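> Line by line, the protein sequences are chains G and S.
Each step along the first sequence adds one to the number in our numbering, with nothing skipped, and position 35 is 29.
Each step along the second sequence adds one to the number in our numbering, with nothing skipped, and position 58 is 52.
Idealized CB from N, CA, C, for every residue including glycine.
Just so we're clear, the structure is a prediction, and the values are computed from it rather than from any experiment.
My questions all concern the structure below.
There are 2 protein chains.
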Amino acid sequence: MNERQGRAVKLSTKGRYGIKAMVDLALEYESGNTVSIATLAHSQNISEAYLERQIVSLKKAGLVESARGVFGGYRLTRSPEFINVGEILRALEGKTTIVDCVDGSVMKSCDNACSCSARPLWLKLQARIDDVLNSTTLQDMAEDYDAQIKFINSKKGDTGNASLS
Amino acid sequence: MNERQGRAVKLSTKGRYGIKAMVDLALEYESGNTVSIATLAHSQNISEAYLERQIVSLKKAGLVESARGVFGGYRLTRSPEFINVGEILRALEGKTTIVDCVDGSVMKSCDNACSCSARPLWLKLQARIDDVLNSTTLQDMAEDYDAQIKFINSKKGDTGNASLS
DNA sequence: ATAATTCCAACCTGAAAGGTAGGATTTTGA
DNA sequence: TCAAAATCCTACCTTTCAGGTTGGAATTAT
């Protein structure tokens, strides 16, 4: 009784903004440039202050590094192909488990786990979700995005430049 | 900016309690008996008043029917094999979409859906989740549960009676 | 110096999760 | 006929958290 947790694969703004920011950083990874929070926030039409807090989480998790001062900003610490979205979401939201009793590490808050009629379902769901999250890399996402932009531009008869800022 | 929605496949208590209650009802379906809220709530160690509110949602959705008065209670309106957990969760939580922009029916709250770098990922995730939710029936869950109980009882050297109440 | 940036910490707000209380109505059966 | 067992119904309460703001200190290139 008295359970409290809105957690889950909730895909709150936290997770969504953070992931999109990471894709933006992935697109800039080759160039070696840093990207400022202002630029990232502007690209998504969101508050700089709010995005900053997500980036801090990503930095703590070691996924991005920062440079202060003029021309400062953020860049990925690893190549996009070695960063999967599962890591990113975990950095941003703490967990990606839909209920506590399927969290491999802890086995808390479920007294009767082994006789629970719903647990097999939760496990199956969790497995499918983990599968997608852990197998999708930032590079995959960046490529999808590039292709999408090129497609849109080709329909508009544009030259097809897809860049940030 | 300013997004507000804790929705998602959040697996709150609402969804979890409701689903487990439905499994209990599924186990009693063959007998034709109704099961009271008191019994259902007791089986999960939760508040009757709180579970009642979930059952009301399930009734509104046409998944259960009720009988009032002494010996009253609830029973499924259909055979467990024709009720999937997706329906149940939708009845309890309203939606099972992880973000609005992957909701097939509405296409709201995402101005730049077609150029969103994260949308392909959300779509993939959503598809996996829907797949599990819509392909798992109450009957599947009841069978899993029965098997589990029998297994536990056999290890205890019991006769293997798995019943409610 | 100063402008652009990251860094940091506190604070605010509304909505929803999770839960409770209490009574009206219906039905069975002693 | 009346009491008990149930659903039905509505209003309320409390805590947490998503989502966001504010303001300033520290750092760094020009």
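Taking 9 Å as the CB-CB limit, is D97(G) close to chain S?
No, its Cβ sits nowhere closer than 9 Å to a Cβ of chain S.
> Can you tell me the Cα-Cα spacing of V96(G) and C110(G), whole angstroms?
Cα to Cα, V96(G) sits roughly 12 Å from C110(G).
> Report the residues of the segment 123 to 148 of chain G with a CB closer than 9 Å to any CB of chain S, ordered along the chain.
Answer in chain order: I123, D125, V126, L127, T130, D134, M135, A136, D138, Y139, Q142, I143 and I146.
> Tell me the DSSP secondary structure of T131(S) in three-state form.
T131(S): strand per DSSP, three-state reduction.
> Using C-beta distances below 7 Å, list every residue in its chain close to S51(S), excluding the 5 sequence neighbours before and after it, in chain order.
These residues qualify, in order along the chain: A85 and L86.
> Could you spell out the range, first to last residue, of the beta strand (DSSP E) harbouring S60(G)?
Run containing S60(G): V58 to A61, per the beta strand (DSSP E) assignment.
> Given a cut-off of 9 Å, decide if V79(S) and Y68(S) are closer than it, judged by their beta-carbon atoms.
No, they are not a contact pair.
> In chain G, which residues lie less than 7 Å from S111(S) when you measure between Cβ atoms?
The contacting residues are K14, V17, M135 and Y139.
> Leaving aside the five residues before and after L19(S) along the sequence, list all residues of the same chain whose C-beta is less than 7 Å from its C-beta, in chain order.
These residues qualify, in order along the chain: V29, V58, Y68, R69 and L70.
> Determine, using beta carbons only, whether L119(S) and I82(S) come nearer to each other than 9 Å.
Contact flag unset, no.
> May I ask you to report which of helix, strand or coil DSSP gives V96(S)?
V96(S) falls in the helix class under three-state DSSP.
> Which residues in chain G sit within 8 Å of V29(S), going by Cβ to Cβ distance?
In chain order: nothing, as chain G lies at least about 14 Å away.
> Across which residues does DSSP place L70(S) in a beta bridge pair?
Bridge partners of L70(S): V58(S).
> Against chain S, does R47(G) count as a neighbour if the rule is that its beta carbon must be under 9 Å from one of theirs?
No - not a single Cβ of chain S is within 9 Å of the one on R47(G).
> What's the call for S6(S), buried or exposed, on a 16-neighbour Cβ count within 10 Å?
Its Cβ being crowded by 16 or more others within 10 Å, S6(S) is buried.
> Would you call the CB atoms of Q48(G) and K8(G) closer than 9 Å?
Contact flag set, yes.
> Measure the Cβ-Cβ separation of A43(G) and I13(S) and say whether it is below 9 Å.
In this structure, I13(S) does not lie closer than 9 Å to A43(G) by Cβ.
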